[in-house]
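Trainee: Structure below; questions to follow.
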Amino acid sequence: MNITKKMGKGSLRQLLSKMPAMLSVFKIGLLFIAGMILAACSEEQGEKKEIVFGLGPSIYVNQVEGGIIPLLEQKGYKVSIKTFSQNSMIPPALKEGAVDVSVHISTANLQEMNRRLGGDAMMVWADTPSAPQTIRSLRHQSIDDIRDGMTIAIPSDPVSSERAARLLESVGWIELAPEIDVSTFHVNEIKPGSVTPKIVEMESALMLRALQDIDFAVVNGNFVTNAGERIQDGLAIEDSPEEHLVKVAILEKNQHETWAKDIKEAYESKEFEVFIKNDPIYEGLIFPKSWSK
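With this note's numbering applied, the sequence shown corresponds to residues 8 to 300, in that order.
Following this line, the structure appears as structure tokens:
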């Protein structure tokens, strides 16, 4: 039977008029399928496009959200932040693959965590602005106000505790043995210096709230800035040694991955440096040495 007679000339004309649109839809469908195939191939080749940062509640969250995520999103990454209530929970999560990168750990702490947790080793991957410890007080206006028997709070974890003791030693309040193992440091290793204070260990996150009940506290810088306070307002500021600066960390096995290289590039970029230096909240932080070149 003649198709023209069966459909009618009007119907045939309508069909022919719709052909360009139908071909366009068909082309779009082919492009979509091709895109899916390419994405699948990329996935198989290990081109990871989703990155999870592991962070504690701190100024480092602000750094990642405002300075790093926009740079990674420009390269097509989907980035999320998993926030942990305690920093001690982050290394196990990184080791287990629950997060891809962390920004909270120092070189000294990283070495201890690798020894303690075993499994795939973590490594320092990039530098980031690091907040120093400070001696702070609500009751006193100067470190010269110190007297025998006054209460000084220091962080309870060994690495932060050793840092705090070094700061107290630098102002002459206490004395320490020349050689101390950072990872096993204990408050009992603190000896009287110019005064005999009462040293108490305390969870770092509680320090600022406890200031109304104690004379002095050595507070980790990230808690200071996270509370909207200025590092410079401390009565004494730590000259943080390199091993105690906060670092960006990943697992060693991922160091050759494209996504890891892109994270490193973002942290070393001029854009990130400008973002940090233009925000007053970061005043008083210790910047990466490469920024001063």
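Even glycine gets a Cβ: it sits at the ideal position worked out from N, Cα and C.
These numbers come from a predicted model, not from an experiment.
Output needed for Phe39: all residues of its chain with C-beta closer than 6 angstroms, excluding positions within five of it in sequence on either side, in chain order.
Mentor: Residue placement at Phe39 is flagged as unreliable, the pLDDT there being 46, under the threshold of 50; the coordinate-derived value follows with that caveat. Excluding residues within five positions, none has a Cβ falling inside 6 angstroms.
Trainee: Between which two residues does the alpha helix (DSSP H) carrying Met120 extend?
Mentor: Run containing Met120: 114-124, per the alpha helix (DSSP H) assignment.
Trainee: Have a look at Asn261 and Val131 and give me their C-alpha separation to the nearest angstrom.
Mentor: Near 12 angstroms, if we compare the C-alpha coordinates of Val131 and Asn261.
Trainee: When you compare only the Cα positions, how much space is there between Ala328 and Asn94?
Mentor: Look at the range of the chain in this structure, 8 to 300, and you will see that residue 328 is not part of it.
Trainee: Pull up the distance between the alpha-carbon of Ile181 and that of Ala160, whole angstroms please.
Mentor: Their backbone Cα atoms lie some 13 angstroms apart in a straight line.
Trainee: Assign Thr90 to one of two classes, buried (16 or more other C-beta atoms within 10 Å of its C-beta) or exposed (fewer than that).
Mentor: By the neighbour-count rule (16 or more Cβ atoms within 10 Å), Thr90 is not buried but exposed.
Trainee: Can you tell me whether DSSP reads Asp155 as helix, strand or coil?
Mentor: Coil at Asp155, not helix or strand.
Trainee: Keeping to the same chain, check which residues put their C-beta closer than 8 angstroms to that of Phe192; ignore five residues upstream and five downstream.
Mentor: Here the set comprises Pro165, Val166, Ser168, Glu169, Ala172.
Trainee: Beta carbon of Gly241, beta carbon of Arg143: below 8 angstroms?
Mentor: Yes, the pair counts as a contact, with Cβ atoms nearer than the cut-off.
Trainee: Quick check on the DSSP output: the beta strand (DSSP E) that includes Glu4 runs from which residue to which?
Mentor: Residue coverage of the chain in this structure runs from 8 to 300, which leaves residue 4 outside it and unanswerable.
Trainee: Using C-beta distances below 8 angstroms, list every residue in its chain close to Phe33, excluding the 5 sequence neighbours before and after it, in chain order.
Mentor: In this predicted model, Phe33 has a pLDDT of only 46, less than 50, meaning its place in the structure is not dependable enough to derive any value.
Trainee: If we count the other Cβ atoms within 10 Å of its Cβ and call it buried at 16 or more, is Gly291 buried or exposed?
Mentor: Label assigned to Gly291: buried.
Trainee: Mind pulling the alpha helix (DSSP H) runs of 4 or more residues that sit fully within the region 128-192?
Mentor: 165-177, all fully within the region 128-192.
Trainee: Ends of the alpha helix (DSSP H) at Phe230?
Mentor: Start and end: 228-233.
Trainee: Less than 8 angstroms between the C-beta atoms of His111 and Tyr67, yes or no?
Mentor: It is a contact, given that the beta carbons lie within the stated cut-off.
Trainee: Just to confirm before moving on: does the CB-CB distance between Ile293 and Pro139 stay below 8 angstroms?
Mentor: Contact flag set, yes.
Trainee: Under a three-way DSSP split, which group does Thr203 fall into?
Mentor: Coil.
Trainee: What residues match up with Glu208 in a beta bridge as DSSP calls it?
Mentor: Partner(s): Ile161.
Trainee: Whole-angstrom Cβ separation of Ser92 and Val253, contact assumed at under 8 angstroms?
Mentor: At roughly 18 angstroms, the Cβ-Cβ gap does not stay under 8 angstroms, so Ser92 and Val253 are not in contact.
Trainee: Could you check if Glu245 is buried or exposed, using at least 16 other CB atoms within 10 Å of its CB as the buried criterion?
Mentor: Glu245 should be labelled buried.
Trainee: Looking at the secondary structure, which residues open and close the alpha helix (DSSP H) in which Ile283 lies?
Mentor: 277-284 is the extent of the alpha helix (DSSP H) around Ile283.
Trainee: Should Ala234 go down as buried or exposed, given a rule of 16 or more other Cβ atoms within 10 Å for buried?
Mentor: It is exposed - the Cβ of Ala234 has fewer than 16 other Cβ atoms within 10 Å.
Trainee: To which residues of the same chain is Trp298 closer than 7 angstroms at the C-beta, ignoring the five residues directly before and after it?
Mentor: Answer for Trp298: Glu280, listed in chain order.
Trainee: Would Thr265 be called buried (16 or more neighbouring beta carbons within 10 Å of its own) or exposed?
Mentor: Classification for Thr265: exposed.
Trainee: Measuring only between beta-carbons, confirm whether Gln239 sits less than 8 angstroms from chain C.
Mentor: The structure shown contains no chain C; it holds only a single protein chain.
Trainee: Identify, in the order they occur along the chain, each residue of the same chain with its Cβ nearer than 7 angstroms to the Cβ of Gly74, setting aside the five sequence neighbours on each side.
Mentor: Excluding sequence neighbours, Gly74 sits near Phe279, Phe282, Ile283.
Trainee: Classify Ser65 as helix, strand or coil using the three-state DSSP reduction.
Mentor: Note: Ser65 maps to coil in three-state DSSP.
Trainee: If I follow the unbroken beta strand (DSSP E) through Ala256, where does it start and stop?
Mentor: Segment 253-258, the beta strand (DSSP E) holding Ala256.
Trainee: Quick check on Ile244: does DSSP put it in helix, strand or coil?
Mentor: Three-state result, Ile244: strand.
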